[in-house]
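In the numbering used here, the protein residues as written are 1 to 498.
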């Protein structure tokens, strides 16, 4: 893997060097300057020596840049921190490559070449003026920036692939999904502005430099006028390039930000389709996003329907064991939902309340039949056993590895027999110590228990049960939920009377 990456980087370097240095640079030097064969050979020698120094400096920096990547790919005992560093280095490698071109590459070539050129001009071996060294630096910077851009974009793809490898291996070995911090991002805005400005200005700068070298020496009196004209042209072209880059960025920015916002909202659980359309490839992206949202919504509906079925099956399983409590969980869920709606709870909270109500007595599955199905009043010992069902129910659901988003159901299962005055079970909690879900289900569960027939006692009338709930506000029942239940039941009675 590492050798393949190095080969790819080396190939990219050779390609970009051939285009920038030995292509544009060599043509610029040898076709702009008027030199004899001896001077051409001398310049080639200077370039050769400078290239050797440049490659040595670049190699040292390259080894430093690639060290985190090398450590992971050549070690079977790489740590989680090593993978994180290698992942960051892989993502930063295009920028590191560009920095390497603008650092040791540019100065490793330019500084030795400048000193040797100045020396040979002083020895009159080269028939050039000293200011040509300044021209050379101007041209070298132009060529280096072009080289850096080419290297950046050629390195981008293999670096991203390598980062993907590190991300997968880190997740496999350490169960951690690596994420790139935003501080390492290179924004589209930066890429567009730099690329478009350079593409627009590079040929102009290069042409003006060549024209200066070839023509101004012949017309020295016009040098000031020439540079005034050149500066105006460069200013106009820079303005046009910057304006064009900005318009292009704005055109791309809007759909990108909209898609990002869509994903952020989807991550929060808000699955909203995008309404905007575009007349380019972004339209396909938005259509794909909308298709994904539709698929997620469809899957969620199916999962919720399946989950509801599972809860109903749990409730039906308990009903099948005790014919005298058949439908109890469904009725408690119905009463609990009515209380929640009366208090204007949101739909998500109401759904949790309904699900918890369906499961509130699931722990009775763990109670022996001789106690659960007994036809007479329970003895004190048997009642103590029956009082274990909230804890059993909570333990059963925890052992079932409920997903994290369903854990808020558990307080209703464990605490629906707590009393507001602290005399309930299993934990003897009092007032606000009792989870809200437990206080609400206590009202709904108690009402259905009071109005249901048992082998040893006939169920109370709705009016009698509501009166007891009213009298027990603040003692057995939470006053808020008790009052809400009384209100909603009275409203239903009025509707039926009408």
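Even for Gly, the Cβ is constructed at its ideal location relative to N, Cα and C.
Computed from a predicted model, the values in this text were never measured in an experiment.
* Exposure label - residue 354; buried when at least 16 CB within 10 Å -> buried
* For residue 87, three-class secondary structure by DSSP -> helix
* Asked: So residue 408 and residue 352 are in contact, right, with Cβ under 8 Å, and what is the actual spacing, rounded?
  -> 6 Å
* Asked: What is the rounded straight-line gap between the Cα of residue 237 and the Cα of residue 194?
  -> 14 Å
* Asked: Beta-carbon separation of residue 138 and residue 209 under 7 Å?
  -> yes
* Asked: From residue 304 to residue 298, what does the alpha carbon distance come to, in whole angstroms?
  -> 10 Å
* Ignore the nearest five residues each way along the sequence and tell me which others in residue 176's own chain have a CB closer than 7 Å to its CB. => 80 and 170
* Asked: Are there 16 or more other CB atoms within 10 angstroms of the CB of residue 4, so buried, or fewer, so exposed?
  -> exposed
* Could you give the uninterrupted runs of the beta strand (DSSP E) lying entirely in the stretch 30-100, keeping only those of 3 residues or more? -> none
* At which residues does the alpha helix (DSSP H) containing residue 196 begin and terminate? -> 188-211
* Just the Cα atoms here: how many angstroms apart are residue 362 and residue 313? -> 11 Å
* Do you know offhand how far residue 377's Cα is from residue 486's? -> 29 Å
* To do: Would you grab the beta carbon distance between residue 505 and residue 385 for me? Rounded to a whole angstrom, and I think it's under 8 Å.
  => The structure shown does not extend to residue 505, since the chain is modelled only from 1 to 498, so the question has no answer here.
* **Range covered by the alpha helix (DSSP H) that runs through residue 351** => 347-359
* Asked: Going straight from the alpha carbon of residue 391 to that of residue 379, what length do you get?
  -> 20 Å
* Name the residue from 150, 142 and 180 whose alpha carbon lies nearest to the alpha carbon of residue 201. => 142
* Asked: Quick one: what does DSSP say residue 138 is sitting in, helix, strand or coil?
  -> helix
* Taking DSSP as the reference, what is the three-state secondary structure of residue 498? -> For residue 498, the predicted structure reports a pLDDT of 49, less than 50, and the residue's modelled location is therefore unreliable. A value from the coordinates is still provided. Reduced to three states, the DSSP call for residue 498 is coil.
* To do: Quick one: using the 10 Å Cβ neighbour count with 16 as the cut-off for buried, is residue 66 buried or exposed?
  => buried
* Asked: If you check the beta carbons only, do residue 415 and residue 435 fall under 7 Å apart?
  -> yes
* To do: Flag this pair as touching only if the stretch 36-54 and the stretch 75-89 have three or more C-beta atom pairs under 8 Å; answer yes or no.
  => no
* Asked: Does DSSP put residue 7 in a helix, a strand or coil?
  -> helix
* **Residues that residue 395 bridges to, as DSSP identifies them** => Paired residues: none, contrary to the question.
* Quick one: what does DSSP say residue 488 is sitting in, helix, strand or coil? -> helix
* To do: From the DSSP output, in three-state form, read off residue 161 for me.
  => helix
* To do: Can you say whether residue 257 is buried or exposed, counting buried as having 16 or more other CB atoms within 10 angstroms of its CB?
  => exposed
* Bridge partners - residue 457, DSSP secondary structure assignment -> 454
* **Given residue 68 as reference, the closest of 468, 86, 281 and 129 once Cα atoms are compared** => 86
* **First and last residue of the uninterrupted alpha helix (DSSP H) at residue 108** => 106-122
* To do: Quickly, what does DSSP pair residue 477 with across the bridge? List them, please.
  => 473
* Kindly give me the distance between the Cβ atoms of residue 420 and residue 439, rounded to whole angstroms, as I take these residues to be in contact under 8 Å. => 7 Å
* To do: Identify whether residue 268 lies in helix, strand or coil by the three-state DSSP scheme.
  => coil
* From what residue to what residue does the alpha helix (DSSP H) around residue 372 run? -> 369-372
* Note down the Cα distance separating residue 64 from residue 401, rounded to an integer number of angstroms. => 47 Å
* Can you give me the Cβ contacts of residue 15 inside the same chain, cut-off strictly under 7 Å, excluding the 5 residues immediately before and after it? => 154
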